[in-house]
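For any residue, its number in the working numbering is found by taking its place in the sequence shown, counting from 1, and adding 136. Presented below is the structure to which this report refers.
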Amino acid sequence: MALAGHDLPRLTENTFTPERTRLVLQAVCERAGLDAAGAELLRHQTNAVFRLVTAPVIVKVARPNIRHTAAVVALVEWVTEHGVPSVPLLAGTSQPLEAAGCGVTLWRYLPPTRQIAASDIAVPLRALHEVPLPSLPLPELDALGAIHHSIQASRIISDHERDVLLRRWSRLVDAVPGLRYDGPPRLIHGDPQHRNTLWDEGSDRPVLCDWDSAAVGPVEWDLVTVEVHCRRFGFPEQEYQEFCARYGRDIREWEGFATMRDLRELRMVTTNARKAVNGSPQADEVRRRIAALEAGDEIHWSIL
Numbered sequence: 137m138a139l140a141g142h143d144l145p146r147l148t149e150n151t152f153t154p155e156r157t158r159l160v161l162q163a164v165c166e167r168a169g170l171d172a173a174g175a176e177l178l179r180h181q182t183n184a185v186f187r188l189v190t191a192p193v194i195v196k197v198a199r200p201n202i203r204h205t206a207a208v209v210a211l212v213e214w215v216t217e218h219g220v221p222s223v224p225l226l227a228g229t230s231q232p233l234e235a236a237g238c239g240v241t242l243w244r245y246l247p248p249t250r251q252i253a254a255s256d257i258a259v260p261l262r263a264l265h266e267v268p269l270p271s272l273p274l275p276e277l278d279a280l281g282a283i284h285h286s287i288q289a290s291r292i293i294s295d296h297e298r299d300v301l302l303r304r305w306s307r308l309v310d311a312v313p314g315l316r317y318d319g320p321p322r323l324i325h326g327d328p329q330h331r332n333t334l335w336d337e338g339s340d341r342p343v344l345c346d347w348d349s350a351a352v353g354p355v356e357w358d359l360v361t362v363e364v365h366c367r368r369f370g371f372p373e374q375e376y377q378e379f380c381a382r383y384g385r386d387i388r389e390w391e392g393f394a395t396m397r398d399l400r401e402l403r404m405v406t407t408n409a410r411k412a413v414n415g416s417p418q419a420d421e422v423r424r425r426i427a428a429l430e431a432g433d434e435i436h437w438s439i440l
């Protein structure tokens, strides 16, 4: 029998493992009247994401920070009310739930009936950027702060690799304040990309998912995120051009593109450096990326 949520020991960064998060899944599903038997683990990075096989439901177990999870739920409810295409929360359950100090959310499962293209990201992303700022407690984008924290917190990089990353960070500290954006701060997704976009057969349209990185910041951050993902993960140039045509802007034409691109790539590398475990394929990929950054080599990245 699964332990009740209040009987589970509180998880930490070090104990946030697939085995422990499955216990959280079982406790929350029992409370919500769902069956977690045979649930499939889809992803275990920032969150643990499970797909129930007994119901069309996705269960997302966040790292311990229930207040952040509650803020994500409030934001998703707000953007949905304002017409931004988003994956729907599971109806009929008060969210978020909590177990072992982790915030847990339940979502309607949208099966992968069609492959997402970059152009599919454009329509919901443009809709997001056009809504007014909500009166919700949203964080401001702080990429430089997040990068520095991840560099210091990483347990897999060598002193030399840390120096490489800190030198790039230091250059960006000098360059980023001089960027001139094309508009005021807006509500941004924070990580728009192929894996954070789904196709909703019910409404016959693409929808955004994974709102954990949502913030107030320049839309250029979201746009350069799409560019980096398309280029670094080997998507065809034509696919990225179709995104630009549908969104109505090619971020590469902006004068601040090179700086924002370097900032976004460093954020991706350092975030994975913080999350990866020594001896894992993820750690090997992080080191490969750092070596290429140091050498100035434009390589394709493997998806983590």
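Ideal placement from N, C-alpha and C gives every residue a C-beta, glycine not left out.
With a cutoff of 7 Å on beta-carbon distance, W335 and V212 are scored as not near each other. The Cβ atoms of L161 and A191 lie no closer than 7 Å to each other. Under DSSP, no beta-bridge partner is assigned to K411.
Annotation for I439: F369 place their beta carbon closer than 7 Å to its own, counting only its chain and skipping 5 residues before and after. Inclusion of A351 and G392 in the CB contact set at 7 Å is not warranted, their separation being larger than that value.
Per DSSP, W357 is one residue of the alpha helix (DSSP H) stretching across 355-368.
As for any alpha helix (DSSP H) of minimum length 4 sitting wholly inside the stretch 196-230, the runs are 202-217, ordered along the chain. N332 sits in a helix when the DSSP states are folded into three classes. Going by DSSP, R291 is part of no beta strand (DSSP E) at all; its letter is neither H nor E. When secondary structure is reduced to three states using DSSP, G314 falls in the helix class. Under the 10 Å beta carbon count, V343 is surrounded by 16 or more other beta carbons and is classified as buried. Scanning the stretch 145-186 for uninterrupted alpha helix (DSSP H) segments of 4 residues or longer gives 154-168, listed from N- to C-terminal end. Under the three-state reduction of DSSP output, E337 falls in the coil class, being neither helix nor strand. Taking 7 Å as the cut-off, the beta carbon of L178 is found no closer than this to the beta carbon of C238. DSSP places A431 inside the alpha helix (DSSP H), whose first and last residues are 417-431. The beta-carbon distance between N183 and V164, rounded to whole angstroms, is 13 Å. This is too long to meet the 8 Å contact definition. Close CB contacts of E430 within its chain, under the 7 Å cut and outside five residues either way in sequence, are with V300 (chain order). Taking one beta carbon from each stretch, the stretch 207-224 and the stretch 279-291 have fewer than 3 pairs nearer than 8 Å; the two do not touch. Taking a contact to require three or more Cβ pairs closer than 8 Å, the stretch 356-369 and the stretch 389-404 qualify as touching. With a threshold of 16 other beta carbon atoms within 10 Å, L272 falls short and is exposed.
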